[in-house]
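Structure, as structure tokens:
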Amino acid sequence: MERLLSALCGGLLSLALAMSSVTALAALGPGAPIDTRSGLGGAKLPPMPRPPSLLPRSREEWLFDLAPSERLRPELMTPEMRRRARARRQAGGEACPSMDAMAGLRGEALAERVATLADSTCANAFFEATREQARQLFGDENLRPVATRFATEGAAYGPGNRALLNLTLFLRAAYYLANQGTVPPLPADMTDSLRPVITRVLTGNAILLPNPSAATSAGELITLVVNMHDESAYLPLARQWVTRFTNSAQSPAIASSLDEPGLAYAFTAILKVFYFAHYRHDAAQIVGNDPSYALALYGFVKANKRDLLAARHASYLLNQAASEAFRFATYPSLLPTIRPLIQDALADSTMAGPDRLVWLAAAQAVQAYDADHCSVYGTCGFEGPLADAILPRRYRCANGAIALRTASLTPSEADQACTLMRKEAPRFHEMLRTHEIPVADDHNTTLEVVVFSDNAEYENYSPVLFGNDTDNGGVYLEGDPAAPKNQARFIAFVATWLKPHFEIWNLRHEFVHYLDGRFDLYGDFEASTNVPTVWYIEGLAEYISRGNDDPESIEAAKTGRYRLSEIFANTYTMDDYVSRAYRWGYMAVRFVFERHPEVLSTILPMFRNGDYAAYWRYMSGLPSQLDGEFAEWVRTATADGTSDDD
Ligand SMILES: [Zn+2]
């Protein structure tokens, strides 16, 4: 299986996180540093509970653990949709208050402004406050009045209340930034004042009612507990929620009520409380010796299976509850309790049937916690048969070099994908003057393109089958091109949000990575990214796949936020990765193509010879006047003259 270091991220959605170390991953969860990457024996741990998303999640949704938005971000649109959306934006529309304006408010005035935000997504920006803004926003003189208002709104909470959600997001951001070290730790007595409010709301009935104007209220309130690292205080309450929503003789159909999206989101958050309990010293002491949590969770799965499988939204709670039940197998003393539960789940479900995600949760649990005994479960080497079951269709493009492996593509869709790549290759070879000669020691003569039917399927299966992270828009795994049996592979999914238009998300971009790796960049991904080449690698994939038609990048560069020399120094682990690598990388590559082809004709032979040190010496010696020339050129750049050919 390919390792993550060989991953090249996909499109505008990729994150530095996809390729960086555990240090960066630690920022992913709302809590303390956690290695979510591998369990015993290097197996990937089953993922943290999150509601499924058909749209690729935004960077903010990943980082701050926010509810998946159904709003189409510009980078998810076709060029035509982007143009229409820009026209609409220019025609007006309300904006969120600026963080500087918010940070200028004090005490009750701030609490009032937060509580009355008309659009709760505006509160997401608190997570991204700068150090200076955060110190002003989350100082003692503000936290107290916010906590007081939080208590008032908690007591008055009911359908139509948006204030509690806004204030909760503000407090979540405060704890998040304190955990990140952006602001000092919050005073301990804040916990004392928030706890009774949270408990009262979560044990009451109002929080269970649909609240269309703030549907995620309950879920965010529970996630606040996670940001506070206060799971240990809520374990009995979380278990109560699980049993409360388990079908029984007294409430034979209670599980169906979870199909209300706000409630399903809240239940996911309850599962997160269990998930993070394992990573907190105090909570782990409690759960590590108590089988009742796992038994309650698996009781939920057994009793609710029929109802939840039939549910429109909430069926995912079944496999996520199963996954959290099985996670208790991480404690050797609880393994004897959990083993029969996993065996029962495997016996009671099938790899490719309607309950396939429960089966997957069980198989993943074996891999992560009890791999040495896989034969007891009958799951040894399950990945091969699973891939065949989940990706049963295979097509080969006419050139013979590209194979598609898919769940759902029709022959005509496969043909469209083949055509797109067939047309892109000549443009690539011409622009890069490759003469179609591969670099030395490259055996990647063929490319496998894996296509999942949507983003949710990609998130469910790709980490298990191919070992990659999914906080991206697809990945290219080059592998070791010098190994004769190596298989280069791009893992993708269908952009279902563009239907009826058919598109494999980021196919053009990733196909450039394949060609670039084979015809320009000697060695594997690690070798070619040892020095700062990210501006070139990601910028080129963007430039060739978009041509001139990239108004967002032009707009980003017009802010003047970075110098060209800073963009040349881009790495996969920098802050502001998405903007720097893709938007600014695109502009840097386009600038070199349009104005300084001599840079390209100097560095390409170095890349092809694997002389990356010489490349970086050359780049470091470029005259500083280029920065000014780039800034000048940016002002004149337009989206005209697109060489798009479809
Ligand atoms: Zn990429």
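Following this note's numbering, the numbering of the sequence shown begins with 13 at its first residue and continues without gaps.
Think of the CB as a built atom: it goes at the ideal place given N, C-alpha and C, for glycine as much as any other residue.
This one's a predicted model, so the numbers in the text were calculated from it and none came from an experiment.
Proximity below 8 Å, CB of residue i to CB of residue j
| i | j | result |
| --- | --- | --- |
| T446 | D532 | yes |
| H290 | T228 | no |
| A415 | E460 | yes |
| D639 | S591 | no |
| F514 | E436 | no |
| A276 | T235 | no |
| N191 | A127 | no |
| R125 | M111 | no |
| D250 | V285 | It is worth fixing the name first, because residue 250 is Ala in this sequence and not Asp. Yes, the Cβ-Cβ distance between A250 and V285 is below 8 Å. |
| F257 | A185 | no |
| L347 | Y310 | no |
| D152 | P199 | yes |
| M631 | F580 | yes |
| P333 | A306 | Note that residue 333 is Ala in the sequence shown here, rather than Pro. Their beta carbons are not under 8 Å apart, which means A333 does not touch A306 by this criterion. |
Option in the options with minimal Cα separation from residue i
| i | options | result |
| --- | --- | --- |
| E519 | A494, L347, L309, F464 | For clarity, residue 519 is Leu in the given sequence; the question names Glu instead. Among A494, L347, L309, F464, the Cα nearest to that of L519 belongs to F464. |
| T545 | L612, A494, D492 | L612 |
| W253 | V158, A649, L220, S361 | L220 |
| W371 | L347, A401, S345 | A401 |
| L634 | T614, I266, A377 | T614 |
| A413 | G170, Y526, G486 | Y526 |
| F182 | T194, A159, T164 | A159 |
| P366 | T585, C392, F288, S327 | S327 |
| H441 | G485, R530, N467 | R530 |
| R324 | T458, L78, L270 | L270 |
| T458 | G486, S345, P493 | P493 |
| D131 | L176, T585, G572 | L176 |
| L403 | L283, Y305, E469 | E469 |
| N411 | V601, L432, A419, G396 | L432 |
For residue i, the three-state DSSP class (helix, strand or coil)
| i | result |
| --- | --- |
| Y169 | coil |
| Y534 | coil |
| E460 | strand |
| L198 | coil |
| Y574 | coil |
| R324 | coil |
| L247 | helix |
| T349 | helix |
| V378 | helix |
| V601 | helix |
| F478 | helix |
| R49 | Confidence at R49 is low in this model, with a pLDDT of 34, below 50, so the placement of that residue should be treated as unreliable; the coordinate-derived value is given next. It is coil, neither helix nor strand. |
| A568 | helix |
| L416 | strand |
| A626 | helix |
| I449 | coil |
| Y584 | coil |
| A308 | helix |
| L40 | Residue confidence is low: L40 scores 27 on pLDDT, short of 50, so the model does not pin down where it sits. Its coordinate-derived value is still stated next. The answer is coil: DSSP assigns L40 none of H, G, I, E or B. |
| F619 | helix |
| A437 | helix |
| A107 | coil |
Own chain partners of residue i with C-beta closer than 7 Å, once the 5 adjacent residues on each side are dropped
| i | result |
| --- | --- |
| S565 | R595, Y598, M599 |
| R212 | G166 |
| C386 | V378, C392 |
| P248 | none |
| G54 | Because G54 sits at a pLDDT of 47, beneath the cut-off of 50, its placement in the model cannot be relied upon, and the following sentence gives the value as read from the coordinates. If we look at G54 and ignore the five residues flanking it on each side, it has no Cβ neighbours. |
Residue environment, residue i, which counts as buried when at least 16 other CB atoms sit within 10 Å
| i | result |
| --- | --- |
| S335 | buried |
| G116 | exposed |
| S636 | exposed |
| S263 | exposed |
| V388 | exposed |
| P63 | buried |
| A504 | buried |
| R143 | exposed |
| T648 | exposed |
| P61 | buried |
| A168 | exposed |
Same chain only: Cβ atoms within 8 Å of residue i, ignoring 5 sequence neighbours per side
| i | result |
| --- | --- |
| G172 | N223, S225 |
| G8 | What the structure shows of the chain is the stretch from 13 to 658, and residue 8 is not part of that stretch, so it cannot be assessed. |
| V604 | V611, L612 |
| L616 | L444, R445, D532 |
Beta-carbon proximity list for residue i, same chain, < 6 Å, skipping 5 on both sides
| i | result |
| --- | --- |
| N7 | Any question about residue 7 goes unanswered here, given that the chain covers just 13 to 658. |
| A651 | N560, D561, P563 |
| Y381 | A341, T342 |
| W628 | V543 |
| E641 | none |
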